[in-house]
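Engineer: Questions regarding the structure given below will be posed in turn.
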Amino acid sequence: GQNIDQPTEMTATEGAIVQINCTYQTSGFNGLFWYQQHAGEAPTFLSYNVLDGLEEKGRFSSFLSRSKGYSYLLLKELQMKDSASYLCAGVQTGANNLFFGTGTRLTVIP
Amino acid sequence: DTEVTQTPKHLVMGMTNKKSLKCEQHMGHRAMYWYKQKAKKPPELMFVYSYEKLSINESVPSRFSPECPNSSLLNLHLHALQPEDSALYLCASSQDWVGGRSYEQYFGPGTRLTVT
Numbered sequence: 197g198q199n200i201d202q203p204t205e206m207t208a209t210e211g212a213i214v215q216i217n218c219t220y221q222t223s224g225f226n227g228l229f230w231y232q233q234h235a236g237e238a239p240t241f242l243s244y245n246v247l248d249g250l251e252e253k254g255r256f257s258s259f260l261s262r263s264k265g266y267s268y269l270l271l272k273e274l275q276m277k278d279s280a281s282y283l284c285a286g287v288q289t290g291a292n293n294l295f296f297g298t299g300t301r302l303t304v305i306p
Numbered sequence: 005d006t007e008v009t010q011t012p013k014h015l016v017m018g019m020t021n022k023k024s025l026k027c028e029q030h031m032g033h034r035a036m037y038w039y040k041q042k043a044k045k046p047p048e049l050m051f052v053y054s055y056e057k058l059s060i061n062e063s064v065p066s067r068f069s070p071e072c073p074n075s076s077l078l079n080l081h082l083h084a085l086q087p088e089d090s091a092l093y094l095c096a097s098s099q100d101w102v103g104g105r106s107y108e109q110y111f112g113p114g115t116r117l118t119v120t
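Chains as they are written, first to last, in this note's numbering: chain A, 197 to 306; chain B, 5 to 120.
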């Protein structure tokens, strides 16, 4: 089975750093994806972690700990356009099927 | 070209109508997906096609009928829908799972469906 949890809503200030956490319990785990979804738009791919550690891509970084069933997405130098939902999704070995968490709606305030 | 296109953008249909949603990609991806997304909820997987064959049906009611005519096209045929089927329907594509690695999915903009 798949069980993925993340906070429902977060608020952060422009220019600050925010960390969005995701915990998971999945069978046959083969990595974790993070997607960004602006209201009324399609999800867009941010990162994929399959090994433990930190992956950095510009202002966005993602971390995975397989032993703890834990991941986070770190957003630095927040901009107003970062206001969106951030979806954590697990994937099983042998498939690309995504099992999404509830999503975290991030609001960036001036 | 990393674009997945979907038509129509919006669709309003009655409960007795038959309509189809279309999805197209030209990235050479051999896995294609249909998701349903309700407001303020994450996408829910409906169907997965791998090499034009249906590989996963997540217990979706038979009033939704998927079709994959070729490696670039994916259709979702709709018949006798209920008002609770109103949602955003997203299509996605990816490289198929190979050698221990899963691949990111590219999503289309979706079709916003309203059933009256």
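In this text, a Cβ means the ideal position worked out from N, Cα and C, and glycines have one as well. Since we're looking at a predicted model, the values are computed, not measured.
#1: Kindly list, in the order they appear in chain A, the residues whose Cβ is closer than 8 Å to that of residue 98 of chain B.
#2: For the segment 212-237 of chain A, list every residue whose C-beta sits within 9 Å of some C-beta in chain B, in sequence order.
#3: Using a cut-off of 7 Å between C-beta atoms, extract the partners of residue 283 of chain A located in chain B.
#4: Residue 114 of chain B versus chain A: which residues are under 7 Å apart at the beta carbon?
#5: Return the first residue and the last residue of the beta strand (DSSP E) that residue 287 of chain A is part of.
#6: Please list, in chain order, the residues of the segment 37-68 of chain B that have any C-beta partner in chain A closer than 7 Å.
#7: Quick one: list the residues of chain A neighbouring residue 108 of chain B, beta-carbon separation under 7 Å, in chain order.
#8: Give, in chain order, every residue of the segment 249-281 of chain A whose Cβ lies closer than 9 Å to some Cβ of chain B.
#9: Measuring alpha carbon to alpha carbon, tell me which residue in B:120, B:32, B:39 and B:20 is nearest residue 3 of chain B.
#10: List the residues of chain A that residue 94 of chain B touches, going by C-beta distances under 8 Å, in chain order.
#11: By alpha-carbon positions, which one of A:302, A:306, A:270 and A:238 ends up nearest to residue 7 of chain B?
#12: Quick one: Cα of residue 257 of chain A to Cα of residue 43 of chain B, how far?
#13: CA-CA distance, residue 9 of chain B and residue 218 of chain A?
#14: Within 8 Å (strictly less), CB to CB, does residue 91 of chain B reach chain A?
#15: Measure from the C-beta of residue 35 of chain B to each C-beta in chain A and report whether the shortest distance is under 8 Å.
#16: Residues bridged to residue 201 of chain A by DSSP?
#17: Bridge partners for residue 252 of chain A per DSSP, in chain order?
#18: Tell me, please, which residues DSSP counts as bridged to residue 15 of chain B.
#19: Roughly how many angstroms separate the alpha carbons of residue 236 of chain A and residue 110 of chain B, rounded to a whole number?
#20: Among B:21, B:26 and B:17, which residue has its Cα nearest to the Cα of residue 95 of chain B?
#21: Under the assumption that residue 286 of chain A contacts residue 198 of chain A (Cβ atoms under 8 Å), give the Cβ distance between them as a whole number of angstroms.
#22: With a threshold of 8 Å between beta carbons, is residue 304 of chain A in contact with chain B?
#23: So residue 63 of chain B and residue 100 of chain B are supposed to be a Cβ contact under 8 Å. How far apart are they, rounded?
Structural biologist: A quick look at the data gives this:
#1: Listed by position along chain A, the residues whose Cβ is nearer than 8 Å to that of residue 98 of chain B are 292.
#2: Listed by position, the residues of the segment 212-237 of chain A near chain B (Cβ gap below 9 Å) are 226, 227, 229, 231, 233, 236 and 237.
#3: Per Cβ cutoff of 7 Å: 46.
#4: Against residue 114 of chain B, the close residues of chain A are 238, in the order they occur along the chain (beta-carbon pairs closer than 7 Å).
#5: Taken as a continuous stretch (DSSP letters only), the beta strand (DSSP E) holding residue 287 of chain A covers 280-288.
#6: Answer in chain order: 46, 47, 49, 52 and 60.
#7: What residue 108 of chain B touches in chain A: 229, 241 and 244.
#8: Taking 9 Å as the cut-off between beta carbons, the residues of the segment 249-281 of chain A near chain B are 281, in sequence order.
#9: Because chain B spans 5 through 120 in this model, residue 3 of chain B falls outside it and cannot be assessed.
#10: Scanning chain A for C-beta atoms nearer than 8 Å to the C-beta of residue 94 of chain B yields 238 and 239, reported in chain order.
#11: By alpha-carbon distance to residue 7 of chain B, the top candidate from A:302, A:306, A:270 and A:238 is A:238.
#12: C-alpha separation (whole angstroms): 27 Å.
#13: Their backbone Cα atoms lie some 30 Å apart in a straight line.
#14: For residue 91 of chain B, not one C-beta of chain A is nearer than 8 Å to its own C-beta.
#15: Contact with chain A is found for residue 35 of chain B, since one of that chain's Cβ atoms lies less than 8 Å from the residue's Cβ.
#16: The partner list for residue 201 of chain A (beta bridge, DSSP) reads A:219.
#17: Beta-bridge pairing links residue 252 of chain A to A:257.
#18: In the DSSP output, where bridge partners are listed per residue, residue 15 of chain B has B:117.
#19: For residue 236 of chain A and residue 110 of chain B, the distance between alpha carbons rounds to 16 Å.
#20: Ranked by Cα distance from residue 95 of chain B, the first of B:21, B:26 and B:17 is B:26.
#21: Indeed they touch by this definition, with Cβ atoms about 6 Å apart.
#22: No, its Cβ sits nowhere closer than 8 Å to a Cβ of chain B.
#23: Not confirmed; about 23 Å, so no contact.
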